[in-house]
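Student: Numbering (mature numbering (1 follows the signal peptide of the UniProt record, and there is no 0)), first residue to last: -26 to -1, 1 to 316. Just so you know, even glycine gets a beta-carbon here, dropped at the ideal spot from N, CA and C. Below is the structure I would like to discuss, written out as structure tokens.
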Ligand SMILES: *[C@@H]1O[C@H](CO)[C@@H](O)[C@H](O)[C@H]1NC(C)=O
Ligand SMILES: *[C@@H]1O[C@H](CO)[C@@H](O)[C@H](O)[C@H]1NC(C)=O
């Protein structure tokens, strides 16, 4: 049978072939070279290197990170994406060493905590976002100081203070870094949220961010500022461990401090979507669960406030998968949650 092509069919054929070629062309047009991407990134984030040797070292790390991010994102079915953020010239080891400072270990607690005031909560809303209730301050940036524990504790305290008094007051992490040093907490070298709550309790409160601003380094406690109290707590409780239903009851009632394993490269470069791992349960980072919900595709998540600035993740937040089969929760989020009481 002779193949008859009329004008319409030829046009269609030309279009199909044309589209095919342009699609191929799209893929073969060379990307901006890696060096250009590095220069662009340096300009975007104001990064300056002290000499060419440092620049060469950082370029090599940048290139490896970008290749990792690109290949991760090229897998179509991912629930979340990675992005070339301000941490793109740091190895994962460097990143972890400078940012994560949660000291995993129940042994380090000097007090006993068994009460769980929300155990009998039955009605839990389908979703919660404490930001919408005015109980969450803007995203903060801990910088190169492993005091995530202070940011986590302060965010939970800012939350309960707003829920109790109706006033959202940004409180001081630096006070914890400088003054909460007689126990296990060690400023930029790490600490625990529970110990921070204990310090705040015995100090009869915490001062404001503006009175005792964040410096991102360990320094001497300003006892005059330490004595000024903008908010207080009456105690603190642990959510029963390894139980996401119990965690849900607590987060439905107030922002809750949680510890997670944030050690992976996927965490370092998370840029959006519901994070589903990979991660383990070696808790090394303190953050704050400020809500929960279900994504459009039906994935349940925890809404988590981080302290790595607002250019990381979803404007400083991460949605982490909720209700997984492992009782520890994703990245161990259900292992050591706690909250202050007021
Ligand atoms: C929860 O209910 C039980 C049974 O009524 C009661 O014994 C317990 O004290 C309640 N817990 C709290 C925290 O209210
Ligand atoms: C988890 O917590 C819920 C709510 O407090 C409780 O009813 C349930 O018994 C707990 N589950 C386990 C396995 O402890």
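Kindly give me the distance between the Cβ atoms of residue 256 and residue 235, rounded to whole angstroms, as I take these residues to be in contact under 8 angstroms.
Tutor: As a working mapping, residue 256 is identified with position 282 in the chain shown. As a working mapping, residue 235 is identified with position 261 in the chain shown. Contact flag correct, Cβ pair sits at about 5 angstroms.
Student: Please list the terminal residues of the continuous beta strand (DSSP E) segment that includes residue 111.
Tutor: Here residue 111 refers to the residue found at position 137 when the chain shown is read from its first residue. Element bounds for residue 111: n/a, residue is neither H nor E.
Student: Give the range of the beta strand (DSSP E) segment to which residue 264 is assigned.
Tutor: For the purposes of this step, residue 264 is taken as residue 290 along the chain shown, with counting starting at 1. Its beta strand (DSSP E) spans residues 259 to 268.
Student: List in chain order: all unbroken beta strand (DSSP E) runs of 3+ residues lying wholly within the segment 25 to 89.
Tutor: DSSP runs (the beta strand (DSSP E)) wholly in the segment 25 to 89: 54 to 56.
Student: Using a Cβ-Cβ cut-off of 6 angstroms (strictly less than) and excluding sequence neighbours within five positions of residue 193, which residues of its own chain qualify?
Tutor: By 1-based counting over the chain shown, the position of residue 193 is 219. Hits under 6 angstroms: 152.
Student: On a CA-only basis, which of 226, 32, 185 and 251 is nearest residue 95? Give me that one, please.
Tutor: Reading the chain shown from its first residue, position 121 is the one you call residue 95. Out of 226, 32, 185 and 251, 226 has the C-alpha closest to the C-alpha of residue 95.
Student: Alpha carbon to alpha carbon, how far is residue 45 from residue 65? Give it in angstroms, no decimals.
Tutor: Here residue 65 refers to the residue found at position 91 when the chain shown is read from its first residue. Here residue 45 refers to the residue found at position 71 when the chain shown is read from its first residue. Their Cα atoms are separated by approximately 17 angstroms.
Student: Between the segment 153 to 163 and the segment 120 to 134, do at least 3 Cβ pairs fall closer than 8 angstroms?
Tutor: The answer is yes - the segment 120 to 134 touches the segment 153 to 163, with three or more Cβ pairs under 8 angstroms.
Student: Go ahead and label residue 99 buried or exposed: buried means 16 or more other beta carbons lie within 10 angstroms of its beta carbon, across all protein chains shown.
Tutor: Stepping through the chain shown from its first residue, residue 99 is reached at position 125. By the 10 Å Cβ count, residue 99 comes out exposed.
Student: Are there any heavy atoms of ligand 2 lying less than 7 angstroms away from the beta-carbon of residue 107, as far as the coordinates show?
Tutor: Counting from one through the chain shown, the residue named residue 107 turns up at place 133. No; taking the cut-off as 7 angstroms, the Cβ of residue 107 has no heavy atom of ligand 2 nearer than that.
Student: DSSP three-state call for residue 318: helix, strand or coil?
Tutor: Since the first residue shown for the chain is -26 and the last is 316, residue 318 is missing from the structure and cannot be characterised.
Student: Any heavy atom of ligand 1 inside 7 angstroms of the beta-carbon of residue 217?
Tutor: The residue you call residue 217 lines up with position 243 of the chain shown. Residue 217: no, Cβ never under 7 angstroms from ligand 1.
Student: So residue 128 packs on residue 145, CB below 8 angstroms; how close in whole Å?
Tutor: Locating residue 128 in the chain shown gives position 154, where the first residue counts as 1. Locating residue 145 in the chain shown gives position 171, where the first residue counts as 1. Between residue 145 and residue 128 the Cβ distance is about 5 angstroms, and since that is below 8 angstroms, they are a contact.
Student: Under 8 angstroms: do the segment 243 to 256 and the segment 196 to 215 share three or more Cβ pairs, one atom per stretch?
Tutor: Output reads no: the segment 196 to 215 does not touch the segment 243 to 256.
Student: Along the alpha helix (DSSP H) that carries residue 174, what are the first and last residues, could you check?
Tutor: Within the chain shown, the letter at position 200 stands for residue 174. Segment 167 to 176, the alpha helix (DSSP H) holding residue 174.
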